[in-house]
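Chains as they are written, first to last, in the numbering used here: chain S, 6 to 216; chain Z, 6 to 216.
Protein chains: 2
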Amino acid sequence: MPEHPLRLMIVDDHPVVRDGLRGMFTGLPDITVVAEAADGHQALALARSERPDVVLMDLRMPGLDGVGAIERLRADHPDIRVIVLTTYDTDADVSRALSAGVAGYLLKDAPREELHQAVRTAAAGGRVLSSSIHSLLVDRLAPGPAPATAPTPRELEVLRLIAKGASNKEVARALLISETTVKTHLKHVFGKLGVDNRAAAVVAAMERRLI
Amino acid sequence: MPEHPLRLMIVDDHPVVRDGLRGMFTGLPDITVVAEAADGHQALALARSERPDVVLMDLRMPGLDGVGAIERLRADHPDIRVIVLTTYDTDADVSRALSAGVAGYLLKDAPREELHQAVRTAAAGGRVLSSSIHSLLVDRLAPGPAPATAPTPRELEVLRLIAKGASNKEVARALLISETTVKTHLKHVFGKLGVDNRAAAVVAAMERRLI
DNA sequence: CCCGCCATCCTCCTTTCGGAGGATGGCGGC
DNA sequence: GCCGCCATCCTCCGAAAGGAGGATGGCGGG
Numbered sequence: 006m007p008e009h010p011l012r013l014m015i016v017d018d019h020p021v022v023r024d025g026l027r028g029m030f031t032g033l034p035d036i037t038v039v040a041e042a043a044d045g046h047q048a049l050a051l052a053r054s055e056r057p058d059v060v061l062m063d064l065r066m067p068g069l070d071g072v073g074a075i076e077r078l079r080a081d082h083p084d085i086r087v088i089v090l091t092t093y094d095t096d097a098d099v100s101r102a103l104s105a106g107v108a109g110y111l112l113k114d115a116p117r118e119e120l121h122q123a124v125r126t127a128a129a130g131g132r133v134l135s136s137s138i139h140s141l142l143v144d145r146l147a148p149g150p151a152p153a154t155a156p157t158p159r160e161l162e163v164l165r166l167i168a169k170g171a172s173n174k175e176v177a178r179a180l181l182i183s184e185t186t187v188k189t190h191l192k193h194v195f196g197k198l199g200v201d202n203r204a205a206a207v208v209a210a211m212e213r214r215l216i
Numbered sequence: 006m007p008e009h010p011l012r013l014m015i016v017d018d019h020p021v022v023r024d025g026l027r028g029m030f031t032g033l034p035d036i037t038v039v040a041e042a043a044d045g046h047q048a049l050a051l052a053r054s055e056r057p058d059v060v061l062m063d064l065r066m067p068g069l070d071g072v073g074a075i076e077r078l079r080a081d082h083p084d085i086r087v088i089v090l091t092t093y094d095t096d097a098d099v100s101r102a103l104s105a106g107v108a109g110y111l112l113k114d115a116p117r118e119e120l121h122q123a124v125r126t127a128a129a130g131g132r133v134l135s136s137s138i139h140s141l142l143v144d145r146l147a148p149g150p151a152p153a154t155a156p157t158p159r160e161l162e163v164l165r166l167i168a169k170g171a172s173n174k175e176v177a178r179a180l181l182i183s184e185t186t187v188k189t190h191l192k193h194v195f196g197k198l199g200v201d202n203r204a205a206a207v208v209a210a211m212e213r214r215l216i
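In structure tokens, the structure reads:
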């Protein structure tokens, strides 16, 4: 047991969840909750004043969301370890978080002990992943020989309009480009998302939270 | 203050949330948390043995989900008041819950005091809605002169295949019906969802959590 | 017992999609 | 200074999608 307990910050927009997390960490001799933030901006401010060792953060928040907050947090304080604690285990969320340099990615259905251990592991420089996340990553490596390039901003713009029900012609008018250009963008999107029609494309994009 | 405090049951699949909720209600003289369940089945069993006055329940749970649990709960114990406490305020969730006869619908970002008051109001026979839910209902009544009939099971079956990228012909083969029948189902779906093509239809259906 | 809803099928016709293939100019990184 | 990515445009063409309109049988509730 170190003489100075781990300083933990909790970031979640739900008071219920913040309460629950704080409760799970009270009474532990080696971990102290030193701050709670309801969004990314608060988290950044509190990180400066409270100097936590580890941050438990939800990804989905109003205002500055999880990934943005993580990036800025790590830019300001490279020594702070961030554990993402979220309800979702979608593809896009996980990879966004991992590429933002988190020390862990846990689901909110994790039991108390797993959370404690994750915080200790993160503080010690280790990494923690929920088992479901782990299998998701394995799945990604195995059947995914295609690098699956991300659609360009312009392509996403087209896709968003398609999702709203626009025809190619309407997209063309809205974006001030020709209909054939719209088709070209869409064709590229199909390739990148591994689908072959617009309906499947919008579904794939929504599942990956691209639109 | 009544001589017997309100008996409250908490139903949520996330330990963190259960802890948080329990913490929010401990120390109150007029409300006691008598049971916690992690899914609908547990909730039904505990309702029988613990006889709560009010149940706080998440809608999204593994196994028997919120709406199913509410319906069976109210069938077994018509006197129990159910408050839905969820992260989402989507159209379909709200209306499913309301038609299941809940006493309240709150979002998890509700502050502590609002939860307390909601439980008291529900126990007293009242109804409570988050303000965001309220405005959602108002929106529904105002610009929605169309009753917006729900798609039939068969129509949803078609729509799910469409969302996976199937063409009408493929849907026809998969469901052992003719392509024209697929088109007819789709046409009806378009009308019901207020869209005019399949891409928009799958988006609308996903947003309303129909597929 | 009928009426309405559902699922199923049909034809005819127009519009749209999506594929194949190729071309151009701009811009940024190495 | 070149290469790659992006956005833009083009033609040709077949395959779908979608609209209009009508028809049938089954099944359940009032």
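Ideal Cβ positions, reconstructed from N, Cα and C, are used throughout, including at glycine. Values in this document were obtained by computation on a predicted structure and should not be read as measured data.
In the DSSP annotation of this structure, the continuous segment of the beta strand (DSSP E) that includes residue 37/S starts and ends at 36-42. For residue 203/S, the chain Z residues whose C-beta falls within less than 9 Å of its own C-beta are 202, 203, 204, listed in chain order.
Taking a beta-carbon distance threshold of 8 Å, residue 15/S does not count as an interface residue toward chain Z.
In this chain, residue 32/Z is not harboured by any alpha helix (DSSP H), its DSSP state being neither H nor E. At a Cβ-Cβ threshold of 8 Å, residue 30/S and residue 21/S do not count as neighbours. The beta strand (DSSP E) runs lying completely inside the stretch 51-77 of chain S and spanning 3 residues or more are 59-62, given in chain order. Distance between residue 166/S and residue 195/S, taken at the CA atoms: about 15 Å.
Restricting attention to 106/S, 71/S, 35/S, 193/S, the CA atom closest to the CA of residue 156/S is found in 193/S. Bounds of any alpha helix (DSSP H) do not take in residue 107/S, whose DSSP letter is neither H nor E. Rounded to whole angstroms, the separation of the alpha carbons of residue 62/S and residue 19/Z is 16 Å.
In this structure, residue 109/S keeps its C-beta atom at 8 Å or more from the C-beta atom of residue 77/S. Scanning its chain for C-beta atoms nearer than 7 Å, with the 5 sequence neighbours on each side dropped, one finds no residue around residue 25/S. No Cβ-Cβ contact shorter than 8 Å links residue 135/Z with residue 103/Z. For the stretch 25-52 of chain S, the set of positions with a beta-carbon nearer than 9 Å to some beta-carbon of chain Z reads 25, 26, 27, 28, 29, 43 in chain order. In the DSSP assignment, residue 86/Z falls within the unbroken beta strand (DSSP E) covering 86-91. Here residue 138/S carries a helix assignment [DSSP, helix/strand/coil].
Chain S has no Cβ within less than 8 Å of the Cβ of residue 163/Z.
Contact between the stretch 122-129 of chain S and the stretch 174-182 of chain S is absent: fewer than three C-beta pairs spanning the two stretches fall below 8 Å. The C-beta of residue 114/S comes closer than 8 Å to at least one C-beta of chain Z.
Note: residue 167/S is not bridge-paired with any residue in the DSSP secondary-structure output. Proximity to residue 200/S across 170/Z, 185/Z, 206/Z, 203/Z peaks at 170/Z, based on C-alpha coordinates.
One Cα belongs to residue 69/S, the other to residue 188/Z, and the distance between them is close to 44 Å.
When secondary structure is reduced to three states using DSSP, residue 12/Z falls in the strand class. Taking residue 33/Z as the centre and dropping the five residues before and after it, the same chain places the C-beta of 121 closer than 7 Å to its C-beta, in chain order.
Taking 8 Å as the threshold, the shortest C-beta distance from residue 170/Z to chain S falls below it.
A Cβ-Cβ contact shorter than 8 Å links residue 59/S with residue 13/S.
Per DSSP, residue 174/Z is one residue of the alpha helix (DSSP H) stretching across 173-180. Closest option to residue 158/S, judged by alpha-carbon separation, among 100/S, 210/S, 204/S: 210/S. When the five nearest sequence neighbours on each side are left out, the beta carbons in the same chain lying within less than 6 Å of the beta carbon of residue 105/S are those of 72, 75, 76, in order along the chain.
With distances taken between CA atoms, residue 137/Z lies nearest to 92/Z out of 216/Z, 92/Z, 80/Z.
With the criterion set as a beta carbon lying under 9 Å from some beta carbon of chain S, the members of the stretch 83-108 of chain Z are 90, 92, in sequence order. Beta-bridge partners assigned by DSSP to residue 133/S: 109/S. Contact of residue 167/S with chain Z is assigned, a C-beta pair being separated by under 8 Å. Residue 53/Z is not a Cβ neighbour of residue 41/Z, given a cutoff of 8 Å.
With 16 or more other CB atoms across the displayed protein chains lying within 10 angstroms of its CB, residue 49/S is buried. Assignment of residue 213/S by DSSP, reduced to helix, strand and coil, places it in the coil class.
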